[in-house]
Structures are given as structure tokens and as C-alpha cells.
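Numbering (the numbering used here), first residue to last: 19 to 242. Okay, structure first, notes after.
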């Protein structure tokens with residue numbers, strides 16, 4: 019009788035524990051589904067930290083000839099219906115020696131101004147300005163096109179940096195010394211052009227010039 023009572027009470031206690039704590043989780047078998055907490059659940063909620071979107075691709079056209087204002091207008095009018103977002107000019111028409119023909123001469127912005135204003139008026143929001151250092155008075159080798167080193171002589175590096183700075187400042191859209199009527203800031207500049215032919219100077223000289231241009235441009239417009 020005592021054994022029966024002990025067995026009865028033991029069964030009663032185990033039953034109480036079962037009801038209070040719940041049944042033990044079944045051990046997974048080879049064919050059992052994974053516990054619900056480990057299953058990936060699809061969600062339509064936005065991701066908290068999405069990857070940065072890829073920058074837009076700008077499609078443009080080159081080379082816009084700048085030597086005659088009517089020609090610039092014709093080119094802009096002909097290209098605008100295609101829907102290009104950008105444009106790049108013919109570099110030799112506004113290289114340093116053309117814009118500033120002597121050390122003490124004022125910088126002539128007329129061709130660049132006409133390019134920027136005309137093409138922006140036709141909907142070209144992203145322009146590329148190419149700044150070539152070729153100069154009859156400042157370049158190490160001043161021969162036009164055929165010169166082997168168009169980087170500025172050491173004594174004219176400050177003048178070169180000043181030219182870069184003034185060009186970038188004129189088209190940065192900050193309201194200070196900007197071109198009249200500027201619609202969009204110009205954010206893209208090319209230092210030199212066609213390295214296989216017109217920029218064959220020693221690497222060290224080009225890097226010195228590029229460093230000076232970078233510093234001058236970013237001092238004028240940090241977002242360039």
C-alpha cells in the first residue's frame with residue numbers, strides 16, 4: 019500500500035510540474051523543421067541602413083568649339099534635343115596662354131563664360147572644363163602642341179595656381195565673384211588633356227602641377 023501511495027504521489031507531482039512548466043521541447047530529428055526562432059521571415063519593413071545609392075551616370079558630348087560665339091550657340095541648339103546632361107569643350111581654345119597671354123594680363127573669361135552660359139541655358143547641367151597649362155610665357159617647353167613639357171616653370175607656379183583658382187571660383191555658384199547668370203555650379207575639371215600626345219611631360223612635373231591645381235581648386239570650391 020505504501021508503494022502504491024508513493025507511486026501515486028510521484029505521478030501527481032510530475033503531472034503538476036508538467037502543467038506548470040509546459041512540455042519539454044521535442045528533440046529535433048533529421049527530418050524535423052528548424053525551430054521557429056531560427057527561420058528567416060520575409061519582411062516588407064525598410065532596411066535601417068541601406069547601402070548608399072550608386073552615383074548617377076552623366077552622359078555628355080565633346081568637343082565643343084569655343085572660338086566663335088555663334089558656333090557655340092549652334093552646337094548647343096543641335097545637341098540639346100538629344101538629352102545629354104553634360105558637355106566638354108575643346109581645350110585649346112581656353113588654355114592658360116590663351117586666357118592670359120602675358121604674366122601681367124588680366125584673365126579673359128569671355129570664351130568660357132559663353133560656353134557655360136549657352137550650354138546651361140540649353141539644359142546642360144553638368145559641364146566639364148579642361149584647364150591646360152600651355153603658355154608661351156610660362157610653360158617649360160612653350161612650343162604649341164609639340165612641346166614636351168607644358169607644366170609651368172617654377173617661377174610661374176603661383177601664377178598658374180591663381181589662374182586655376184580664379185576659374186573655379188567664377189563657376190562655383192557661391193555668389194562670390196561668380197559669372198553673371200550662372201545657373202549651376204561647375205563641379206568637374208580636367209587638368210591637362212590627352213596624356214599620350216599633349217601631356218608628355220615628366221611624371222614628377224605633372225604631379226607637381228596637378229598638386230598645385232588640386233590645392234587651388236579645392237581652396238576655391240571644396241566640392242569640385
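Note that the Cβ used here is the ideal one computed from N, Cα and C, for glycine as well.
CA-to-CA distance, residue j to residue i, given in whole angstroms
i: residue 194; j: residue 118; result: 21 Å
i: residue 239; j: residue 190; result: 6 Å
i: residue 220; j: residue 146; result: 25 Å
i: residue 236; j: residue 155; result: 26 Å
i: residue 257; j: residue 212; result: Since the displayed the chain opens at 19 and closes at 242, residue 257 lies outside it and no answer follows.
i: residue 90; j: residue 123; result: 25 Å
i: residue 227; j: residue 125; result: 19 Å
Buried or exposed by the 16-neighbour rule on C-beta atoms within 10 Å, applied to residue i
i: residue 129; result: buried
i: residue 182; result: buried
i: residue 167; result: buried
i: residue 243; result: One cannot answer for residue 243 here, as it falls past the ends of the chain, which runs 19 to 242.
i: residue 93; result: buried
i: residue 113; result: buried
For residue i, the first and last residue of its enclosing alpha helix (DSSP H)
i: residue 139; result: 128–139
i: residue 80; result: That residue, residue 80, is in no alpha helix (DSSP H); its beta strand (DSSP E) goes 78–82.
i: residue 200; result: It is not in any alpha helix (DSSP H) - residue 200 carries neither H nor E in the DSSP assignment.
i: residue 180; result: 175–188
i: residue 155; result: Here residue 155 belongs to no alpha helix (DSSP H), and DSSP marks it neither H nor E.
i: residue 92; result: 87–97
i: residue 223; result: 221–238
Below-8 Å beta-carbon distance, residue i vs any chain C residue
i: residue 91; result: Chain labels in this structure do not include chain C; a single protein chain is all it has.
Beta-carbon proximity check, residue i vs residue j, cutoff 8 Å
i: residue 102; j: residue 134; result: no
i: residue 207; j: residue 242; result: yes
i: residue 210; j: residue 224; result: yes
i: residue 98; j: residue 140; result: yes
i: residue 115; j: residue 169; result: no
i: residue 127; j: residue 188; result: yes
i: residue 148; j: residue 109; result: yes
i: residue 84; j: residue 132; result: yes
i: residue 107; j: residue 82; result: yes
i: residue 222; j: residue 175; result: no
i: residue 234; j: residue 179; result: yes
Opening and closing residue of the beta strand (DSSP E) in which residue i lies
i: residue 105; result: 104–107
i: residue 146; result: 144–149
Residue i CB to nearest heavy atom of the ligand NAD below 7 Å
i: residue 218; result: Looking for the ligand NAD in the displayed structure turns up nothing, as the structure carries no ligands at all.
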